[in-house]
Amino acid sequence: MQRAGTADDAWVPTTCNGCYNQCGILVHRVDNAVTEVRGDPGHTNSNGKVCAKGVVRVLDLYHPRRVLTPLRRTNPEKGIGVDPRWEEISWEEALAVVVQKLEKVRREDPRKLVIANWDHGQRKIAAVWAAAFGTPNTAGWTPSTICGNGEHPLLFAITGTINVEIDFVHCRYALHWGVQKGAMVDSDANSVSGRIAAARRRGMKLVVIDPVCGPAASKADEWVPIRPGTDGALALGMLNVLLNELAIYDAAFLQTHTNAPYLVRPDGHYLREPETGKVLAWDASQGRARPHDAPDLQEPALKGQYTVDGVVAEPAFQRLREHVRKYPPAEVARITTVPEETVRRLARELGENACVGSTITIQGKTLPFRPVGVDFKKGVSGHLHAFPAGLAVVLLPVVLGAVDVPGGMLGHREGPWSAVEEGPDGIAVGSARYSLGDHFVMPYPADHVGRPESADVRELFPVRLHTGFMTLFSLLDPARFHLPYRPEVLIHCRTNPMMSLFEPRAMAEALKRLDFIVSFANIINETVEFADIVLPDAHDFERTDLFPGTFPGYVPGLADWCWALRQQVVAPPAGVRAWSEVLIDLAERLGFLKELNELGNAVWELRYPWRLEPDVMYSAAEIAERQIKSVVGPEHGLHSFREHSALRFPRTVEEAYSRPFLKSRIQIYWEYLLKAGQEVAAVARQLGLEWDTSTYATLPDWRPCPSFEEERRDGYDLIAVNFKLPFHFSTITAENPLISELSELHPYAYKILIGRRAAQARGIQDGELVTVESRVGQVRGRVKVTEGIHPEVIAIPGTFGHWAQGMPIARGKGVHFNALVPMDLRRVGPLSATYDFCVSVRVTRGSEARR
Amino acid sequence: MTRYGMVIDLAACNACNTCTVTCKVKNGTPPGVHWRRVLEDEVGVYPSVRRLFLPLACMHCGTPPCETTCPTGATQKREDGIVTIDYDLCVGCQACVVACPYGVRFFHEDRRSYFADRGSPVPWPLEGQALPEGVVSKCDLCLDRVLDGRQPACVENCPTSALHFGDLGDPRSGVCLLIAARKGRQLFREKGTDPSVYYVD
């Protein structure tokens, strides 16, 4: 503000990397120092706004403990709290060690290399680098569990996108289920908070289902507390009320846009036309079975039983209706603790507000109007059986026809290319081009099943999105999965699995099994403490990423398409390099630059004349320039991002509300899981693995978490859950001094939340020190006695309780929830590698647990 | 006559605390000094319970008790309604801190930094060097920005647009229309301070 007349004073547009949402921001640079961050009005995902997590990132650049020079470990012993005894070395020395280790594994078996990162933008370079090196082991470790493994595969099958958002421009009734959307949490956190606030002012009713009454529930019209891990039962009960008690569903939508009319044989498989193999539907108008895509199929039946060539078959919808009768509201109330009348009322409110049959005209196009939405995240998906639970939740908008139509649940598409595609049997699935260069595995058709070749044993999870954290299980016990090699070397960047997964002791053991770890780091966190070599990494304000550097932060509906860029605001300090640039350097030193560039040409969709030459070392910025020209057009380039962080293109109504214009069908009946489950079971048998494949079912069922059964004995009488705060993200924010100070002042941030009655029963006073103990770990902290929590639950926010020496601000503050979570294969959901974070605990006064 | 003030939409505020830290980064306030905060408390009994959020900063009162209390004239109410502190005149007696019913004035004991063992070049304004020690400070509605025709930093960043800045002296201004339409109210109106910050539900 006092800088008039200085030589360097600029607002540089770029993309925030403070969480996964990748908001467009403007960063103020004065005399080559970053002083301020504001939202970029030129990007729809920020609209000129930025959240607390983004604002404070200025300080991270200037952290006094920032790693500014390569370090070598001199203490061969590794462990929690063990001083690595770093010694400073030169880049040449450091890279020589790294090259030697990488040369060895590449010569022996390149799959011995694992790359763990969670870096939006640069992971696209890391993924291609890994493929060129020859290893499949590139998945990050953290995202597999903090992400919705119970959500993303389902959404890819329904909206063709990784995330969804309700159409808050039109919605009248929104159910937020185990997600704090609107309170600066979840996908598109920043701008959706504004959209939800505006929708509520307009009169939209918002219901939040959550064991904890946090900021999102506090802003809702209604908070519905629920017993953790029972979301699937509630959703199935609501489906039962809708389909069987009220008979509210969108029959026309189900007939045309889903596989509801597909005929199912008694064995659960589709009934197919013998000659063509096509799935049959019963045409009520013709009184005979016709292929699902027959032009003369007029009135596909949704109900009833039909005999076709001697086989008694039922439409899938009939199966679903009968299936959900297993969940009468009284039984659901017993499971979930949500009162029976509330189960009925929520279903009725959702059904009635869906306005089934009504239409709306937007820009001259008449479209179905279904102003109800459902959105869910880790509250549903952080459980063992999250896949079926999530499927039950997401079937609610599907049976009401509220998918990708005005008012309903909208997919988070990033551009016109990421449309829903039609797979085998006419079934919908996300585009392989979703998030250019990411090459997400789509859940349909099932992926290859076989003996594990990858360290994350993805071959056992054919409907996964990512299974990176399974690497830890295979590291600890490689023989269990008969992996044909042992992972030896880890390249690690911008993820802190020691803190963000489960019990640190088990994590430490897994990390110690690796022969060599090289960490790219800004600061030395708990995982970096296990590294052999540390290389100083650039902050994202100091680097340029591939274009478009982002996938999640895209506003649905009629908002413009935005293709965003992350670009350098300031040069990194001397001796600091962006890790992707070091990877490219290493490719050259290891002699596979040619393979890297050729593979990059294909994956990054570079076109002539902007393809990479085989033997030239390019910077990330140079590749980005070529990618912009290839993907957007030759008139564009890095120069197109001088004013704003995004290029904007208008979106058509057909792109915004795509479902009415699509031919593919959404699955309400997951027939293909039967075969996939049989294949997984066969491989598991071969390997001698205990592997429960009974949840590979065509229709979802609710099953209890382990914490409801074997774990909930011996006085482990409360369930601990984790929740997010609006101003923290993962392990990125805890070391920021402004956020740390704010958290210390905050009534909930660094506390253990316990209900008033549960506290009284244990003689616990507000503010008192308590110990929380699970079967594998214990944590201590001060309690916040609250009315806003399910009485069977205690809640611990964030990822706190750091202990790394390199994190002096975060160290010892808050409570480390994940330390309570056992590392146990029985907690891994067999469908898409969901993980159960539902932990039975006991709480005692004072700082020592009873023995 | 111009009277700058704010309207805070409590229905929109989700306690994200973007305003809290935006203020700190923009103004370079030292540790322990929060010109803006969002207070949180809960009301009700399980399961009919919710948290309430109250963004709180200087009220730029019409009749500011801090100004009348200030023995040196350091605290002044400008013609445009913004209450300011002249650090050259402030002697740090803290009479104003006691006089303010809203608890939004802060005394700077020493020049503390967020990075205790600073070995790196923390740039302005993060060291809080503009704020001398031994004085009292508080929100000045980003006077520099307002004079520039811009909005206060907290208003600009607020993701839910819960914070509105404008001229309370102009009945056609956005803030006045909001106060009229949604029955804006002042905090501790009974104290007669006539705050320039209104809250709407």
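As you go down the protein sequences, you meet chains A and B in turn. Position in the first sequence (first residue = 1) + 670 = my numbering. Position in the second sequence (first residue = 1) + 85 = my numbering. Glycine included, each C-beta is placed from N, C-alpha and C at the ideal position. Keep in mind the model is a prediction, meaning the values are calculated, not measured.
task = Measure how close the beta-carbons of residue 167/B and residue 160/B come, nearest whole angstrom, since I'm counting them as under 8 Å.
result = The sequence position of residue 167/B within the second sequence is 82, counting from 1. The sequence position of residue 160/B within the second sequence is 75, counting from 1. No, residue 167/B and residue 160/B are not in contact; Cβ-Cβ is about 11 Å, not under 8 Å.
ask   = chain A beta carbons: is any one of them nearer than 8 Å to that of residue 135/B?
value = The residue given as residue 135/B occupies position 50 in the second sequence. Yes, contact with chain A.
query = The alpha helix (DSSP H) with residue 886/A in it runs from where to where?
reply = Residue 886/A sits at position 216 when you count from the first residue of the first sequence. Unbroken alpha helix (DSSP H) run through residue 886/A: 885-889.
query = Would you call residue 1023/A buried or exposed, if buried means 16 or more other Cβ atoms sit within 10 Å of its Cβ?
reply = One-based indexing of the first sequence puts residue 1023/A at position 353. Buried is the call here.
query = For the stretch 157-173 of chain B, which residues have a beta carbon sitting closer than 7 Å to at least one beta carbon of chain A?
reply = none
inquiry  = Under 8 Å, CB to CB, which of the residues in the stretch 1382-1403 of chain A have a partner in chain B?
reply    = 1396 and 1397
query = Around the C-beta of residue 300/B, are 16 or more other C-beta atoms found within 10 angstroms, so that it is buried, or is it exposed?
reply = Nothing can be reported for residue 300/B, as the shown portion of chain B is limited to 86 through 286.
task = Specify, as a first and last residue, the run of the beta strand (DSSP E) that residue 161/B falls within.
result = For this step, residue 161/B is matched to residue 76 along the second sequence. It spans 160-162 - the beta strand (DSSP E) in which residue 161/B sits, taken as one unbroken run.
message = By DSSP's criteria, residue 846/A is part of a beta bridge. Which residues make up the other side?
response = If you number the first sequence from 1, residue 846/A lands on position 176. Partner(s): 878/A and 1045/A.
key: Per-residue contacts from residue 1229/A into chain B (C-beta, under 9 Å)   = The residue you call residue 1229/A lines up with position 559 of the first sequence. Simply none; closest approach about 16 Å.
ask   = Is the number of C-beta pairs between the stretch 218-231 of chain B and the stretch 186-195 of chain B that are closer than 8 Å three or more?
value = yes
message = What does the Cβ neighbour count give for residue 1028/A, buried or exposed, with the cut at 16 atoms within 10 Å?
response = In the first sequence, counting from the first residue as 1, residue 1028/A sits at position 358. Flag for residue 1028/A reads exposed.
message = Quick check on this structure: which residue in 684/A, 935/A and 751/A has the alpha carbon closest to the alpha carbon of residue 1308/A?
response = On the first sequence, residue 1308/A is found 638 positions in, with the first residue counted as 1. Closest by alpha carbon: 684/A.
ask   = Given that residue 1351/A touches chain B, what residues does it touch there, using C-beta distances under 9 Å?
value = The count along the first sequence starts at 1 and reaches residue 1351/A at position 681. Result: empty, since nearest Cβ-Cβ is about 42 Å, beyond 9 Å.
key: Stretch pair the stretch 1081-1094 of chain A + the stretch 831-843 of chain A: three plus CB contacts closer than 8 Å   = yes
request  = Could you tell me the boundaries of the alpha helix (DSSP H) in which residue 1167/A lies?
outcome  = Position 497 of the first sequence, counted from the first residue, corresponds to residue 1167/A. Residue 1167/A -> alpha helix (DSSP H) spans 1167-1170.
Neighbour-count burial assignment, residue 268/B, 16 or more Cβ in a 10 Å radius = As a first step, residue 268/B must be located in the second sequence, where it is residue number 183. When all chains shown are included, residue 268/B counts as exposed.
query = Quick one: what's got a C-beta closer than 6 Å to residue 907/A's C-beta in the same chain, skipping five residues either side?
reply = Your numbering for residue 907/A matches position 237 in the first sequence. Taken in chain order, the residues that qualify are 997, 999, 1002 and 1013.
message = Using the three-state DSSP reduction, which class does residue 754/A fall into: helix, strand or coil?
response = Residue mapping note: residue 754/A aligns to position 84 of the first sequence, counting from 1. It is coil, neither helix nor strand.
message = Counting only C-beta atoms, is residue 854/A closer than 8 Å to chain B at any point?
response = What you label residue 854/A is simply residue 184 of the first sequence in a count that begins at 1. So yes, residue 854/A belongs to the interface.
request  = May I ask which residues mark the beginning and end of the alpha helix (DSSP H) holding residue 1140/A?
outcome  = Here residue 1140/A refers to the residue found at position 470 when the first sequence is read from its first residue. Where residue 1140/A is concerned, the enclosing alpha helix (DSSP H) stretches over 1140-1146.
key: Nonlocal neighbours in the same chain, by C-beta distance under 7 Å from residue 1097/A, ignoring five residues either side   = Position 427 of the first sequence, counted from the start, is the residue given in the question as residue 1097/A. Cβ neighbours of residue 1097/A beyond the five flanking positions: 929, 1114, 1334, 1335 and 1337.
ask   = For residue 885/A, which option in 286/B, 114/B, 127/B and 279/B has the closest C-alpha, if you only look at C-alpha atoms?
value = Start at 1 with the first residue of the first sequence, and residue 885/A comes out as number 215. It is 127/B.
Helix, strand or coil at residue 1025/A [DSSP, three-state] = Residue mapping note: residue 1025/A aligns to position 355 of the first sequence, counting from 1. Residue state, collapsed to three classes: coil.
ask   = Does the count of Cβ pairs from the stretch 1136-1146 of chain A and the stretch 1117-1127 of chain A closer than 8 Å reach three?
value = yes
inquiry  = Quick check on residue 283/B: does DSSP put it in helix, strand or coil?
reply    = Taking the second sequence and counting its residues from 1, one reaches residue 283/B at position 198. Strand at residue 283/B.
message = Please tell me whether residue 1453/A and residue 1479/A are closer than 8 Å, where the distance is taken between their beta carbons.
response = Position 783 of the first sequence, counted from the first residue, corresponds to residue 1453/A. Position 809 of the first sequence, counted from the first residue, corresponds to residue 1479/A. Not a contact, by the Cβ cut-off of 8 Å.
key: Reduced DSSP category for residue 1306/A - H, G, I as helix; E, B as strand; rest coil   = On the first sequence, position 636 is the one that residue 1306/A refers to. Residue 1306/A falls in the coil class under three-state DSSP.
ask   = Is the shortest distance between the beta-carbon of residue 180/B and the beta-carbons of chain A less than 8 Å?
value = Along the second sequence, read from residue 1 onward, the residue named residue 180/B stands at position 95. It does not: the Cβ of residue 180/B has no partner Cβ on chain A nearer than 8 Å.
request  = Determine the contact status of residue 694/A and residue 707/A, defining contact as a CB-CB distance below 8 Å.
outcome  = If you number the first sequence from 1, residue 694/A lands on position 24. If you number the first sequence from 1, residue 707/A lands on position 37. It is not a contact, given that the beta carbons lie outside the stated cut-off.
Beta-carbon proximity of residue 1425/A to residue 131/B, cut-off 8 Å = Mapped onto the first sequence, residue 1425/A falls at position 755. Mapped onto the second sequence, residue 131/B falls at position 46. Yes, they are a contact pair.
query = Taking Cβ-Cβ distances shorter than 7 Å, what residues in chain B pair up with residue 1425/A?
reply = Start at 1 with the first residue of the first sequence, and residue 1425/A comes out as number 755. Result: 131.
ask   = If you pair each beta-carbon of the stretch 1486-1500 of chain A with each one of the stretch 1358-1369 of chain A, do three or more pairs fall below 8 Å?
value = yes
ask   = What's the gap between the Cα of residue 784/A and the Cα of residue 1331/A?
value = Numbered from 1 along the first sequence, position 114 holds the residue referred to as residue 784/A. Numbered from 1 along the first sequence, position 661 holds the residue referred to as residue 1331/A. Each residue's alpha carbon lies about 42 Å from the other.
message = residue 803/A and residue 776/A - do their beta-carbons sit closer together than 8 Å?
response = For the purposes of this step, residue 776/A is identified with residue 106 of the first sequence, where counting begins at 1. For the purposes of this step, residue 803/A is identified with residue 133 of the first sequence, where counting begins at 1. Yes, the Cβ-Cβ distance between residue 776/A and residue 803/A is below 8 Å.
key: Whole beta strand (DSSP E) elements within the stretch 1228-1267 of chain A, 3-residue minimum   = 1231-1234
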